[in-house]
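Novice:
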Amino acid sequence: MFEHVDHYPGDPILSLLEKFGHDTRPNKVNLSIGLYYDENGKIPVLKSVQAAAKIVQEKAEPHTYLPMEGLAAYREAVQHLLFGRDSAALRDNRVATIQSVGGSGALRVAADFIKTYLPDSAVWISDPSWDNHHALFTAARIQVHTYPYYDAVTNNINFGGMLETLNTLPAKSIVLMQPCCHNPTGLDLNHAQWKEVIGVLQQRNLIPFLDIAYQGFGDGIEEDAWVVRAMADAGLTMVVTNSFSKNFSLYGERCGGLSFVCPSAKEAALVLGQLKAGVRRIYSSPPLFGSKLVATVLHDADLRQQWDREVAAMRDRIKTMREKLRNSLTAHAPSVDGSYLVNQRGMFSYTGFTAAEVDSLREDSAIYLIRSGRLCIPGLNNQNVESVAQAMAETLKK
Ligand code: LMR
């Protein structure tokens, strides 16, 4: 009956996590999946989230269904975090936001919507991008193309190439971009470059699709939303997907959001209706507990401040680890230019290691990177950074 079913070779990121789990070597280091580990190698439970959990549990409310679009307080908090409280688009009721099952759930609901209502639009993603971007849009039967992003020679952004391609796209093409902490390269456009991109999007009538999964891990919670706000203020019709997996350390609770910024309140209401219909057809309504945690933190002034501090501490630790790895790597391999480690931002660094070098790091030293050469910085700590640097240096000498 099912002999014809295609073999699934596994997901390039999630399979490595499984492999890491089965690895019995005591000195193993996970620098593969985008999980934030603290200095003790543990996935933190944020204090602000713990306090919110207590509040939620004490209320002992029934575990009823949420509406298809999710918890109202959560959706409002998503909007304020992304667009800012004084956003004109919010004031004019031009933003349709639903709570989603993580960032991936938001991407899939958006993809289905695009396939139905913009059937002739292809999606353009950066080369490279998060592996699942390609898979998610392809699964919705949308054509996926890439625009140049990473220049392996300079280990920087190929901004000229990116603009050149955007300048050739047909109207209503969807351009997927990451506002901060680009996954997998860790390379972000600066404000001047974003402004140029905004000009091209406007001129060519393109639709930006901003996927923000690391808000707060770059420069700050408000700072990292700069381009979301700049594009909304420029009057662009756009899609925004966001995730709280990392900045709330709530991976398994699947807390995300999907927002469409529309030209009018009337269109936003129509879009919201179809997003709800889409949700009903896939999973009916989103999960309750995580959304209550996020909403409680973001609506309580003290907890919100505490969360800001906790995000800042995660951001600072990432920066410190970037510096330590750079220093140790260049001490072990003086001919290597490790500056990319401190110039890139957020959880990931693109090391330029080949798949064979990544395999050798994993097999010889129990150090796990993604085979594209992406290294997840928060897997580093003061106990392992030196041995990781040494192993990286030895691999480069082979
Ligand atoms: C990653 O890129 O490692 C994370 O976004 C986790 C995932 O689901 O792939």
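In the numbering used here, the protein residues as written are 29 to 426. Heads up, the beta-carbon is just placed ideally off N, CA and C, and yes, glycines get one too. Quick caveat: nothing in here was measured; it's all calculated off a predicted structure.
N160: beta carbon under 7 Å from a heavy atom of ligand 1?
Specialist: Position 132 of the sequence shown, counting from 1, holds the residue named residue 160. Checking the Cβ of N160 against ligand 1 gives yes.
Novice: For L45 versus L397, is the C-beta spacing smaller than 8 Å?
Specialist: In the sequence shown, counting from the first residue as 1, residue 45 sits at position 17. In the sequence shown, counting from the first residue as 1, residue 397 sits at position 369. No. Outside cutoff.
Novice: Please return the same chain residues whose Cβ sits closer than 8 Å to the Cβ of P90, not counting the five positions on each side in sequence.
Specialist: For this step, residue 90 is matched to residue 62 along the sequence shown. So no residue of the chain qualifies.
Novice: At the level of alpha carbons, what is the spacing between W254 and V57?
Specialist: Looking up residue 254 in the sequence shown gives position 226. Looking up residue 57 in the sequence shown gives position 29. Their Cα atoms are separated by approximately 34 Å.
Novice: Contact between the stretch 152-172 and the stretch 297-310: three or more CB pairs below 8 Å?
Specialist: Contact fails: fewer than three Cβ-Cβ distances are below 8 Å.
Novice: Report the residue from Q418, N409, G38 and M349 whose alpha carbon sits nearest the alpha carbon of L389.
Specialist: Position 361 of the sequence shown, counting from 1, holds the residue named residue 389. Nearest C-alpha to L389: Q418.
Novice: For E351, collect the residues of the same chain with a Cβ closer than 7 Å to its Cβ; drop the 5 residues on either side in sequence, then sort them by chain order.
Specialist: Start at 1 with the first residue of the sequence shown, and residue 351 comes out as number 323. Around E351: V370.
Novice: Leaving out five residues before and five after S76 in sequence, what residues of the same chain have Cβ atoms less than 7 Å from its Cβ?
Specialist: Here the question's residue 76 lines up with position 48 in the sequence shown. The answer, listed in chain order, is V325, L331, Q334, W335 and E338.
Novice: Just the C-alpha distance for D34 and A167, rounded to the nearest angstrom, thanks.
Specialist: Your numbering for residue 34 matches position 6 in the sequence shown. Your numbering for residue 167 matches position 139 in the sequence shown. Cα to Cα, the separation comes out at about 15 Å.
Novice: Could you pull the DSSP bridge partners for F288 from this structure?
Specialist: If you number the sequence shown from 1, residue 288 lands on position 260. Paired residues: A124 and V267.
Novice: For T166, would you say it is in contact with chain B, using Cβ-to-Cβ distances shorter than 8 Å as the test?
Specialist: Checking the listed chains, one finds no chain B in this structure; it contains a single protein chain.
Novice: T423 and E385 look like a contact to me (Cβ under 8 Å); what is the Cβ gap, rounded to whole Å?
Specialist: Walking along the sequence shown from the start, residue 423 turns up at place 395. Walking along the sequence shown from the start, residue 385 turns up at place 357. About 5 Å; that satisfies the 8 Å criterion.
Novice: Cβ-heavy atom distance between I61 and ligand 1 below 7 Å?
Specialist: On the sequence shown, residue 61 is found 33 positions in, with the first residue counted as 1. Indeed, a heavy atom of ligand 1 lies less than 7 Å from the Cβ.
Novice: What's the gap between the Cα of I83 and the Cα of H50?
Specialist: The count along the sequence shown starts at 1 and reaches residue 83 at position 55. The count along the sequence shown starts at 1 and reaches residue 50 at position 22. Each residue's alpha carbon lies about 37 Å from the other.
Novice: Regarding A180 and ligand 1, is the C-beta to nearest heavy atom distance less than 7 Å?
Specialist: Reading the sequence shown from its first residue, position 152 is the one you call residue 180. Checking the Cβ of A180 against ligand 1 gives no.
Novice: Just the C-alpha distance for R257 and D120, rounded to the nearest angstrom, thanks.
Specialist: Translated into the one-based positions of the sequence shown, residue 257 becomes position 229. Translated into the one-based positions of the sequence shown, residue 120 becomes position 92. If I take the Cα positions, the gap works out to 15 Å.
Novice: Using only alpha-carbon positions, find the residue among V416, T265, D159 and A138 that is nearest to A293.
Specialist: As a working note, residue 293 is residue 265 in the sequence shown. The shortest C-alpha separation from A293 is found at T265.
Novice: Would the C-beta of I346 count as close to ligand 1, meaning under 7 Å from any of its heavy atoms?
Specialist: Within the sequence shown, numbered from 1, the residue matching residue 346 stands at position 318. It does not: the Cβ of I346 is nowhere closer than 7 Å to a heavy atom of ligand 1.
Novice: Please give the ranges of any alpha helix (DSSP H) in the stretch 37-115, keeping only runs that are unbroken, at least 4 residues long and fully inside the region.
Specialist: 42-50, 75-87 and 100-111, all fully within the stretch 37-115.
Novice: Please go through the same chain and pick out, in chain order, the residues whose beta-carbon is closer than 8 Å to the beta-carbon of S313, but skip the five residues on each side of it.
Specialist: Taking the sequence shown and counting its residues from 1, one reaches residue 313 at position 285. These residues qualify, in order along the chain: Y93, L94, P95, M96, G98 and V307.
Novice: Please determine, among P406, Q206 and V137, the residue with the shortest C-alpha to C-alpha distance to K70.
Specialist: Translated into the one-based positions of the sequence shown, residue 70 becomes position 42. Nearest of P406, Q206 and V137 to K70, Cα basis: P406.
Novice: Flag this pair as yes or no: are the beta carbons of D216 and G246 separated by less than 8 Å?
Specialist: Along the sequence shown, read from residue 1 onward, the residue named residue 216 stands at position 188. Along the sequence shown, read from residue 1 onward, the residue named residue 246 stands at position 218. Yes, the pair counts as a contact, with Cβ atoms nearer than the cut-off.
Novice: Please go through the same chain and pick out, in chain order, the residues whose beta-carbon is closer than 6 Å to the beta-carbon of I202, but skip the five residues on each side of it.
Specialist: Counting from one through the sequence shown, the residue named residue 202 turns up at place 174. Within the same chain, I202 has close Cβ partners S149, V151, I235 and F237.
Novice: So the alpha helix (DSSP H) M259 belongs to, where does it begin and stop?
Specialist: For this step, residue 259 is matched to residue 231 along the sequence shown. Start and end: W254 to D261.
Novice: If L300 sits next to A124, beta carbons under 8 Å apart, how far is it from one beta carbon to the other, in whole angstroms?
Specialist: Locating residue 300 in the sequence shown gives position 272, counting from the first residue. Locating residue 124 in the sequence shown gives position 96, counting from the first residue. Indeed they touch by this definition, with Cβ atoms about 4 Å apart.
Novice: Can you list, in chain order, the stretches of the alpha helix (DSSP H) that have 4 or more residues and sit fully within the stretch 298-378?
Specialist: You should have 317-327, 329-360 and 367-371.
Novice: Would you check whether ligand 1 has a heavy atom nearer than 7 Å to the C-beta of N211?
Specialist: Taking the sequence shown and counting its residues from 1, one reaches residue 211 at position 183. Yes, the Cβ of N211 comes within 7 Å of a heavy atom of ligand 1.
Novice: So, with DSSP's three-state summary, where would you put I395?
Specialist: Here residue 395 is taken as the residue at index 367 of the sequence shown, counted from 1. I395: strand per DSSP, three-state reduction.
Novice: Identify which residue in R402, I395, D344 and S287 has its Cα closest to the Cα of H108.
Specialist: For the purposes of this step, residue 108 is taken as residue 80 along the sequence shown, with counting starting at 1. Residue S287 is the option with its Cα nearest to H108.
Novice: Per DSSP, M205 forms a beta bridge with which residues?
Specialist: Taking the sequence shown and counting its residues from 1, one reaches residue 205 at position 177. L238.
Novice: Is the beta carbon of A138 sitting closer than 8 Å to the one on T52?
Specialist: Here residue 138 refers to the residue found at position 110 of the sequence shown. Here residue 52 refers to the residue found at position 24 of the sequence shown. Result no, Cβ atoms of A138 and T52 do not sit closer than 8 Å.
Novice: Please determine, among L357, L408 and G374, the residue with the shortest C-alpha to C-alpha distance to K425.
Specialist: Counting from one through the sequence shown, the residue named residue 425 turns up at place 397. Among L357, L408 and G374, the Cα nearest to that of K425 belongs to L357.
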